[in-house]
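**Q** Next up is a structure, given as structure tokens.
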Amino acid sequence: MFDGRISSSPTISCRRCGHELVPGRGELFAVSVVAVADPYPPVFDERDLAQDVGAEIRRLVAQLNGLDEQQARDQVYRRVVFHLCTACYEDWIEEPASH
Ligand SMILES: [Zn+2]
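The opening residue of the sequence shown carries number 1 in this note's numbering; numbering runs sequentially from there.
Next up, the structure:
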């Protein structure tokens, strides 16, 4: 599995078309994607406020206890770095969410 680090190996390939890329020749893009789980303040409605907050907190704590530290972090923040050849980059950057 891709581990998110920029490879120091001289052979890397385009994530989209698999084309082999040689670093330093200006023929590739290193793309860094950062995803953050909803960074906005939570919105509560009256139904939420009517709930037993203590029970909800206990439920969430139990859920988090079932995850290891890495899994818990992955649920709120992911950073992925990958390489694209110039042709794939030019297609991809126009509609990054479509692939
Ligand atoms: Zn490509």
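Every residue, glycine too, gets a C-beta built ideally from N, C-alpha and C.
Quick check: does the Cβ of residue 16 come within less than 7 Å of any heavy atom belonging to ligand 1?
**A** As a working note, residue 16 is residue 16 in the sequence shown. Yes, Cβ of residue 16 sits closer than 7 Å to a heavy atom of ligand 1.
**Q** With burial defined as no fewer than 16 other Cβ atoms inside 10 Å of the residue's Cβ, what is the status of residue 15: buried or exposed?
**A** Here residue 15 corresponds to residue number 15 of the sequence shown, with the count starting at 1. Per the 10 Å Cβ criterion, buried.
**Q** Does the Cβ of residue 17 have 16 or more other Cβ atoms within 10 Å, making it buried, or fewer, making it exposed?
**A** On the sequence shown, residue 17 is found 17 positions in, with the first residue counted as 1. Residue 17 comes out exposed.
**Q** Contact defined as beta carbons within less than 8 Å: I believe residue 64 pairs with residue 72. What is the distance between those atoms, to the nearest angstrom?
**A** In the sequence shown, counting from the first residue as 1, residue 64 sits at position 64. In the sequence shown, counting from the first residue as 1, residue 72 sits at position 72. That pair is a contact at about 6 Å.
**Q** With a 10 Å radius around its C-beta and 16 neighbouring C-beta atoms as the bar for buried, classify residue 21 as buried or exposed.
**A** Looking up residue 21 in the sequence shown gives position 21. By the neighbour-count rule (16 or more Cβ atoms within 10 Å), residue 21 is buried.
**Q** What does the alpha-carbon distance come out to for the pair residue 133 and residue 67?
**A** Because residue 133 is not part of the residues shown, which for the chain are 1 to 99, the question remains open.
**Q** By a C-beta neighbour count over all protein chains shown, 10 Å radius and 16 as the cutoff for buried, is residue 49 buried or exposed?
**A** Translated into the one-based positions of the sequence shown, residue 49 becomes position 49. It counts as exposed.
**Q** If I'm right that residue 78 touches residue 35 with Cβ under 8 Å, what's the distance once you round it to whole angstroms?
**A** Along the sequence shown, one-based indexing puts residue 78 at 78. Along the sequence shown, one-based indexing puts residue 35 at 35. Indeed, because the Cβ distance is near 5 Å, the residues count as touching under 8 Å.
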